[in-house]
Each structure stands twice: as C-alpha cells, then as structure tokens.
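J.: Mind having a look at this structure? Questions to follow.
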C-alpha cells in the first residue's frame, strides 16, 4: 500500500519516483506487522505496529560509524552526532531539546563503529513532532563554526569521563589489542589529539558525504500508522530538498573483507584504580555468520546470566568479582568475543586462570545439555520480554534494515534459537573458544604481575 | 473480594485471620486497577493490572535500609540483600538463578537508605515461578556461614568498583557532607572495615528482626490476576510458617524526626581522576512534603533535561561539561537537593560559578513561566510514558504502599503536576535554593584550588 501523498506525487513525476511499499512481516492481530516503503530518493522507512501501547519510538539510522574514519578523522562520526543537536536553519539547540522535553519525550543518539542512530521516544500523539524534529536535525544541520568549538569541549569532557570509567574503557583497549590502529580498532570517541585537530569543514564534509538519504534508514515502532509516518517523513525530507535524486536507490548493507586472527597479545595499561579491569577474548563471528544463533546460546551459557558458568565459578563459588560476564560483538565481516571481569589486583591471577580454564573446558565440549537448554530458554524468554519496549523494537527493525537488509519475525527468531542443538554449540565453542586468547587489562598492576599475565594467553 | 483459599482458611481460624482486600484505584478498561490484600500475619499484597502486556514484574519491598544500621552494622542491609540470593532450605544459589534464567527473566534487588527491594520480571505465564522463588528467598534464606564468607569478597569488589566510578561515589560523599557520620549519612554499601568485621550471626539477627511479614510489601504489576497472586503468595509464606501471628498488622510507613540544616560545608577528596566530579547542594524536601510536586517541576526546569537551565548554560552554551544535572532525594523526614557536574579540573571554578549563579537566580524568582510550563509538560509526558513498563509500575505501587501507605492514580498524579503554579515553584525555589549550599568534590585538585572552593558556598 502506498500513501495518498506518494500516489499523488507519482502522477506528477516520472514513474520511477513512486514510493514502493511492502509488508515484510504480517504479524498477528495487528501486532508485529512490519512494513517498508522505499521513497524516491532512496530513503527507506520501516515501521512496526504495536497498537496496544500509547508510545512510539522514532529513529533514523545512518550507515556511518567510526570504521569509516581515516586516522585524522578519528572521532568525526561521534563529533558530528553531537553537532546535529546544535541547531538547524529552523531550530536552535534549545528549540530542538525544548520541543521534545516539553512533551516528556526522551531524545538521544548513539554512535558505533558501523552505524549512528538518532531517536526520540514520545507519546503516540506527539509522534509528528518527533518526526519533524529528528528529520530536521538529519537534513538541515548547520554545523556552525561556533558550535563546533563549544561542542569540542563537551567531547573532550566525554573522553575524560570515559577515561574515569575503567570498566568501560577496557573495551576500547580490547578493540585495540585485537584490531590495532585500524578503523575498527580505533575508539568511537576519537582521542584528545584528533578531537583538538578536527576542523569545522572536515566535519561538514563528512556530514554531506555520509548523510545521504540512500544511506539512511528511518524506523518507527509502537502505536504508529505506516502510511502516516511515511507521509510525514517524506514531507520533512522534501522540504529539505533531500529527495531530489528520484532515481537513487538505497545502499546495500555494509560489506567488508577484514579477517581477524587470534594474536595472543597482552596489553596492560597501568592506572591507579581500585580494581583491575580485564578482558580475555578472541576473534568472534561476523554479524551475518550462520553460526550466530549457536554463538548466542554459547555466550548466554558461558557468561550471560547469574546461572552462567563464569558467574557461578568466579563470583558465586569463590567471591572473586562483583561483575563478570561474556559478550559478543559482530561487525560486517568479523567479530569479537570477550570475557570481562573486574576484581582487585590481588585476585587477577586467580580470576584469569578460572576464566581461561572455563574457556578451555567449554571449547573442549564441556557444556552440558542442561546448560544449553537453559541458555535457549533464557534467550527465548528475553526475546519475548523485549517486545514490550518500543525503543527496542525500533532498534531491531532499524538495525535489521541497515545491517542485513531484511527483517525477521519474532517467531522466526524464536525458531532459530530453539533449533540450536548442543552439537552446534559444541562446534562453535571449539571454533571460537579454542583459539588462542588475547588479554587487555587496566589497573594498578606491578611489572612483575603484568609479566605473569602472558602465561594466561600461552 | 477475597480469594477462595483465604476464605477457606478463614473458616478454620479465628475471624480476624480473614484476608482483607480493597480496590484502591479503579482504573479504566481493566488498566491501572490497583488492589490491596492484607493477609493474616500482616503481609500486604498490592497489584496493578495492565492486561495489554505479556509480562509481569513481581517484587517484595522490605522496610529496612542502611538508615537502620548502627555504625558497626553499616553495610549489613546490603550484605544481607546479597545473601538472600545464596540459597534457602529448598534451593541452592544456582537453583535460584537458574530458575529465572531458564525462562529469560531478569531477577535483581536493590538496597537504599530506607528500603530494600527484590524483584523478578518474567513472562506472565512464568509469574508463579517468580513468586515461588522470590518468596522462598525472603522467607527461607539460610545465611550459611560459608556463603557469608564467599559473598564478603563480592561486596568488597562492589565497593572497589564503586570507588572506581567517581561520578557515582561523589553522591556518597555528598551524603556525608550533608548528613555526616549518621545512619542517613553513611554509605549503603558500608566500608571495607565494616564489611570485614561483620559476622554471620549479626547478619542473621538483622534478617530475623527486619524481614517480618508486617514489614514487607509484596507488589506485582502487569498481566496479573490479583486473587491468584494473593493465593500464591499466601501459600508460599504459609509453607514457610511466616504468617502464624494471625493478628499481626502491617507496620506504618516510616516516620522520622531528622531535621536538616544548611551547613555550608566543603569536602574535597583528592583523587587522580581525569575529571573533577562535583555536587553543589542543600537540604531538600521530605518524601511526604506537600511542596514535592512544585519541587519536581523546579528540578526538571533547573536540571532535568537537555533544555534545562543548567544543561543550556554549562554544556550547550559553553561546552564546559558532558554531564550536568540536578536531582532530589526524599527521605521520611528530610531530603537533599543537588546539582552534579563532571568536568576537567581546569573548568571547575567556571562550572561551579555558573551553577551557583543559576541557583541564586532561580531562588530569586528567575524561572520564566515558559520554563515552568515546559517542565510540567516534561513530567506529565514522562509519567505517561512510564506506564508501559511493568517494572516501573511495580516499583511505584510497592514503594507507595511501603513509604506512603497509600496509592495515587496516574490521573491524580497528572492533576497534581498540572496544578503546580509558577508562584508555587518560585516559593519552593526561594525556600530550597535560597539556602546556603554545601559542596562535595572528588578529583585531582591542588590545595590552592580546593581552598578557593569555599568561595562558591560563601
């Protein structure tokens, strides 16, 4: 179904300028219907309806992240994300924030290595306002020189704040340990040096180059009407003259050819913290890898909850850490798997030995069928529980469209999760956990102790 | 309406042992109906129905917090909260966590100065399991000596982790600055010394004394049936023999007679962090103060969102901080109001001067009617948006029952918020912000700079 506006437009412009709308997922009782419209100009709009709620989350995903930065541009994607809140031809920074604050909405954005997302969660009646504000930010940002300078201070503070959170910045260190000084290995925030060196024109060029409608996915979820959302988004982008290249087609999901090999590196940053913050990890799976369902089950069983192996062995039985968990991050062509723990320096050797032993044991097939089936239940239950949050729904459909170019229903996801067999988990455990690990540590470690850490990855 | 089980019980025991059920709020179309049953034994069960969701959050609130600790017991409430996850006569620690993990639920707990809460969020079909596990933890915890020792390590790690998060622990410092070495002024986690000194028997006595059914409020929200929840809770507590004192009545909401005066103190903890983390604040309002609605509006306008005064003046216009906000915390008899900012040491003087100037300006009546009406819109919108989260609903009804002994409908809350006048905001601003502030700082400040900080509170 195309909206009335788009049909009218279609009559006045060449045939190829017709908006194309598809129902990608049918849903049940109006819940979970996912539709996509591709507007002339190559802009995609996906929505998911959840008529039982009174809220809606509206977001725009951009196919750009810190991975697209050269060394000198490191931090530009995130810097730009901040600058989009600073004003457009029509709105000052205060106008932007006041509009959403006045209706009690939440507006924010996040920048990752492969994408950037801007969103607002509001009452359904305020959705037109959210669409108007977010579309204006994306299409009409001024990037005024004085704002670039004021915001530089804010970014430098954000970098300093992250530095003060060792449990956070050890993840940046681990990316460096595994990926080195490469686009994927560099921090999303950039560094004090790159941020100080970035100029207004560099950022404005970056904006112009990457915020093309063909590289955007608009996503809305909650009590939303697809045709109305499409109409409003189209009008907003039309006003900005952003859909003029009517024959433009959306870009394909990001591809890549990075292969990642286990490197057995150890990187230690000596800092006067109370705890040592460690990540023991290795290459993981790319986002599109078929083994990702088995990997999720493995991750849940190993370090995903209070009943997981690592939580039980490190915290529950021995009281060696407060926070211990495993995680996966998948990119277009490669991925990471890691185990995080925070513990006092005197416990680091014990904690790492236990983590390494568990990785080895699980790589060797040591996960019981019980653990696998509990992990499957955990993933299935939390998937269904996640359906009530319009923010989570918007994230799923937006990211799916941008990164996979397709949508998957919850029923299909549940089927994929439930179909994972203990054998598949054993196989992916052998392939991934069986690799030589690398290690990143931030903490007050003496040289002698730091030297000993090499034994952990031997 | 009493449940069938409770009527049967009533026949077999004295008349006073009948469960009393009231509909406290009627709701609309089945949404937002709040019911309370007081069971014989003095146990309160409150529920709120939201039939449009598939989830339920079940929690138990306990009328005990760090405020109830003597100096030597400091940290016992929170230590005990951890120990309740370690096992009962029927379940090991793994049994407890595996039960909820296996269905994808989230289970956790939090300890505050005046209450403790344990909760699980699950699919509605798994609610009986959540009730069973959480009730078992509350009534049948073993507090085994070996678990006390293992968990001591975990708590010490949690303290160390908090120490590594200066933006978090500056709040503990501010409580100390304002309230000193008193029950309300001491940290919820305790200190390394008190945690190392606490013995199993002290904690077990604390458990026995404070976890009496008369001091508990059971709360459930989501797709729940009140009568069925009451039946299950009653059965679980009956099995533990916890409802035997059939004439016991619930305890009244906590009262107190602490008055708090502005003290103009400055406390600086010198630490080698990247940012200095500051709180500038003063006595606020008790939880039950009638002026709390005007205070919420004031807080939102001053430091509650991106369009707020402090965000605009400190971050948006001058780029001096990434994180800057104001907040209120209310206790039974007193409260705190504070402004937090994190910034590099070289900016501390500027940031504090701006914050102090804004506090003074607003105390002098400088908030515009526009700012007040925007803040009202913000609070109203976010209140309605919060209704979709069964966890937030459970928190509201549980805390209301424990701390106020009554429930307020969303419509009444919205009416209270909307009725706040600019004059009322001006009045509370004058009363609260017009007091002499105190200041707490964690950061790498030289003595000279630290000495200058006294000017800020002069």
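Chains as they are written, first to last, in the UniProt record's numbering: chain A, 1 to 458; chain B, 1 to 458.
All residues carry an ideal CB built from backbone N, CA and C; glycine is no exception.
Please read these numbers as outputs of a predicted model, since none were measured by experiment.
For residue 322/B, which residues in chain A fall below 7 Å Cβ to Cβ?
T.: 154, 157, 158 and 161
J.: With DSSP as the reference, label residue 346/A as helix, strand or coil.
T.: helix
J.: Going by alpha carbons, who is nearest to residue 218/B out of 365/B, 116/B, 301/B and 106/B?
T.: 116/B
J.: Give the residues of chain B in contact with residue 315/A, contact being defined as C-beta atoms less than 7 Å apart.
T.: 154
J.: Report back the beta-carbon spacing between residue 37/A and residue 21/A to the nearest angstrom; my notes put them in contact at under 8 Å.
T.: About 4 Å separates the Cβ atoms of residue 37/A and residue 21/A, confirming a contact at the 8 Å cut-off.
J.: Between residue 200/A and the ligand SAH, is the CB less than 6 Å from at least one heavy atom?
T.: Of ligands this structure carries none, so the ligand SAH is not represented either.
J.: Starting from residue 449/A, trace the alpha helix (DSSP H) in both directions and tell me its first and last residue.
T.: 447-452
J.: By the 10 Å Cβ neighbour count, where 16 or more other Cβ atoms means buried, how is residue 149/A classified, buried or exposed?
T.: exposed
J.: Mind checking if residue 128/B is an interface residue toward chain A, Cβ cutoff 7 Å exclusive?
T.: no
J.: Below 9 Å between beta carbons is the criterion; list the residues of the segment 274-304 of chain B that meet it against any residue of chain A, in chain order.
T.: Listed in sequence order: 274, 275, 277, 300 and 304.
J.: Can you find the residues in the same chain that come closer than 8 Å, C-beta to C-beta, to residue 216/A, ignoring five residues on each side of it along the sequence?
T.: For residue 216/A, where only same-chain residues beyond five positions count, the Cβ hits under 8 Å are 43, 44, 60, 61, 62, 63 and 138.
J.: Run through the DSSP bridge pairs and tell me what residue 106/B is partnered with.
T.: 121/B
J.: Quick one: does residue 55/B have its CB under 7 Å from some CB of chain A?
T.: yes
J.: Strictly under 7 Å for the Cβ-Cβ distance: is residue 407/A near chain B by that measure?
T.: By this cut-off, residue 407/A is not an interface position.
J.: Would you kindly check if the distance between the Cβ of residue 127/A and the Cβ of residue 56/A is under 7 Å?
T.: yes
J.: State the Cα-Cα distance for the pair residue 191/A and residue 49/B, rounded to the nearest angstrom.
T.: 50 Å
J.: Comparing alpha-carbon positions, which option in 66/B, 305/B and 70/B lies nearest residue 93/A?
T.: 305/B
J.: Does residue 426/B come within less than 7 Å of chain A when only Cβ atoms are used?
T.: no
J.: Would you identify the three-state DSSP class for residue 337/B, choosing helix, strand or coil?
T.: strand
J.: Interface residues of chain A around residue 309/B at Cβ under 9 Å?
T.: Result: empty, since nearest Cβ-Cβ is about 11 Å, beyond 9 Å.
J.: Taking 7 Å as the threshold (beta carbon to beta carbon), is residue 97/A in contact with chain B?
T.: Residue contact check for residue 97/A against chain B: a CB pair falls below 7 Å.
J.: Name the chain A residues that come within less than 7 Å of residue 343/B, Cβ to Cβ?
T.: 157
J.: Could you please give me the residues that DSSP links to residue 22/A through a beta bridge?
T.: 36/A
J.: Since residue 216/B sits in a beta bridge, which residues does DSSP pair it with?
T.: 62/B
J.: Smallest Cα separation from residue 307/A: which of 68/B, 91/B, 225/B and 32/B?
T.: 91/B
J.: Can you find at least 3 beta carbon pairs, one from the segment 373-382 of chain A and one from the segment 286-297 of chain A, that sit closer than 8 Å?
T.: yes
J.: Would you say residue 413/B lies against chain A (beta-carbon separation less than 7 Å)?
T.: Cβ-Cβ to chain A under 7 Å: no for residue 413/B.
J.: Of the residues that make up the segment 33-61 of chain B, which ones have a beta carbon closer than 7 Å to any beta carbon in chain A?
T.: Hits within the stretch, in order: 52, 53, 54 and 55.
J.: Check whether the segment 442-452 of chain B touches the segment 268-277 of chain B, counting contact only when three or more Cβ pairs, one atom from each stretch, lie closer than 8 Å.
T.: yes
J.: Would you list the one or two residues that DSSP bridges to residue 207/A?
T.: In DSSP, residue 207/A forms no bridge with anything.
J.: According to DSSP, simplified to helix, strand and coil, what is residue 189/B?
T.: Residue 189/B: coil per DSSP, three-state reduction.
J.: Where does residue 174/A land, buried or exposed, given buried means 16+ other C-beta within 10 angstroms?
T.: buried
J.: Count the other CB atoms within 10 Å of the CB of residue 412/A; is the residue buried (16 or more) or exposed (fewer)?
T.: By the 10 Å Cβ count, residue 412/A comes out exposed.
J.: Can you have a look at residue 395/B and say buried or exposed, based on whether 16 or more other CB atoms are within 10 angstroms of its CB?
T.: buried
J.: Verify whether the separation of the beta carbon atoms of residue 335/B and residue 327/B is less than 7 Å.
T.: When the beta-carbon positions are compared, residue 335/B and residue 327/B stay at least 7 Å from each other.
J.: Could you name the residues of chain A that residue 319/B contacts, counting a contact when the two beta carbons are closer than 7 Å?
T.: Result: 150, 151, 152, 153 and 154.
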